[in-house]
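In the working numbering, the protein residues as written are 2 to 202.
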C-alpha cells in the first residue's frame, strides 16, 4: 500500500511538472507610431517564446512599445526578456528589456522613446527570450513582405485579439486552435499596412 502511494505521488508530481512546463499563456506586444505610446498603435498577440516575429506590416514604424501577458520568469537572471531587431528574422542591431518591464528600479519602465535606444522607426522583428536566445520555434510573418493577408479580430472595428495566417489550405481557418472559436467580430485585409485606411463597412 505504501509503495502504491509513493508511485501515485510520483506520477502526480510528474503531471504537475509537465503542465507547469507547457502552461499556456497569451501576451500582447503593442507598437506605437509615436513616442510616449501615442498616435496609431499596432497590437500583436503572441503565445510562444523562442520564435521570430517579422513586422512586415509595421516595419520601421515604431517609436515606442508596451507589452503585457508575457512570461516573466526565465533564464536571464531569473527573468524572460523581449528583444527587438532592426533586421528581418531577428537579425541586425538589437535592444532587449525584461518582460516584467522593471528596469533601473522603475516599474512599468517600457521603452517610451526608441530614439534614446538608437532604433526609432527601425524595428523589423522581435522575439521573446525565455529559456535562451536561441530560435527553436521558427519564424512568423503574418503579413508577408509585399503580399496580403486576411486578419480576424475578436472585437468590432478590427480591434482586440487578432489572428491571421498565410498558410491556410483553401482559405480555411480554425479559430478553436487559437482560442477564438465563435468569437470573431470583424476582419480586414492587410495588403500594404495594418490600418483601416478605406473606412469601415
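Using N, Cα and C, we set each Cβ at its ideal position, and we do this for glycine too. For clarity, every value in this text was computed on a predicted model and none was experimentally measured.
For residue 30, is the classification buried or exposed, using 16 other Cβ atoms within 10 angstroms of its Cβ as the cut-off for buried? Looking at its Cβ environment, which holds 16 or more other Cβ atoms inside 10 Å, residue 30 is buried.
By Cβ distance, which residues of its chain are closer than 7 Å to residue 186, with the 5 residues on each side in sequence left out? 154, 155, 156, 157.
Measure how close the beta-carbons of residue 76 and residue 113 come, nearest whole angstrom, since I'm counting them as under 8 Å. Wrong, their Cβ atoms sit about 27 Å apart, outside the cutoff.
Do the CB positions of residue 151 and residue 190 come within less than 8 Å of each other? Closer than 8 Å, so yes.
What residue range does the beta strand (DSSP E) around residue 113 cover? Annotation for residue 113: no beta strand (DSSP E) segment contains it, and DSSP assigns it neither H nor E.
If we ignore side chains and look at the alpha-carbon of each, how far apart do residue 116 and residue 110 end up? In this structure, the straight-line span from the alpha carbon of residue 116 to that of residue 110 is close to 15 Å.
How long is the line joining the alpha carbons of residue 175 and residue 188, rounded to whole angstroms? C-alpha separation (whole angstroms): 15 Å.
Terminal residues of the beta strand (DSSP E) in which residue 84 lies: That run of the beta strand (DSSP E) goes 82-88.
Quick check on residue 129: buried or exposed, where buried means 16 or more other Cβ atoms within 10 Å of its Cβ? Classification of residue 129: buried, given that the 10 Å Cβ count is 16 or more.
With a threshold of 6 Å on Cβ separation, who are the neighbours of residue 91 within its own chain once the five nearest residues in sequence on each side are excluded? Only 53, 126, 128 meet the Cβ criterion.
Hey, out of 200, 70, 124, 26, whose CA is closest to residue 33's CA? Nearest option by C-alpha distance: 124.
Limits of the beta strand (DSSP E) - the one that residue 44 falls within: Counting along the chain, the beta strand (DSSP E) containing residue 44 begins and ends at 39-47.
Sorted by chain position, which residues of the same chain lie with C-beta nearer than 6 Å to residue 42's C-beta, five sequence neighbours on each side aside? Cβ within range, chain order: 31, 33.
Inter-residue Cα distance where the pair is residue 139 and residue 51: Going by the C-alpha atoms only, they are around 8 Å apart.
Return the residue from the list 68, 87, 100, 70 that minimises the CA-CA distance to residue 81. Between residue 81 and the set 68, 87, 100, 70, the nearest pair of CA atoms involves 100.
State buried or exposed for residue 177, treating a residue as buried only when at least 16 other CB atoms are found within 10 Å of its CB. The residue in question, residue 177, is exposed, as its Cβ has fewer than 16 Cβ neighbours within 10 Å.
For the beta strand (DSSP E) holding residue 26, just list the boundary residues, first then last. Where residue 26 is concerned, there is no enclosing beta strand (DSSP E), given that its DSSP letter is neither H nor E.
From the DSSP secondary-structure annotation, give me the bridge partner or partners of residue 140. Note: residue 140 is bridge-paired with 53 in the DSSP secondary-structure output.
If the criterion is Cβ atoms closer than 8 Å, does the pair residue 28 and residue 68 meet it? The beta carbons of residue 28 and residue 68 sit closer together than 8 Å.
Euclidean distance between Cα positions of residue 45 and residue 162: Spanning the two alpha carbons is a distance of roughly 8 Å.
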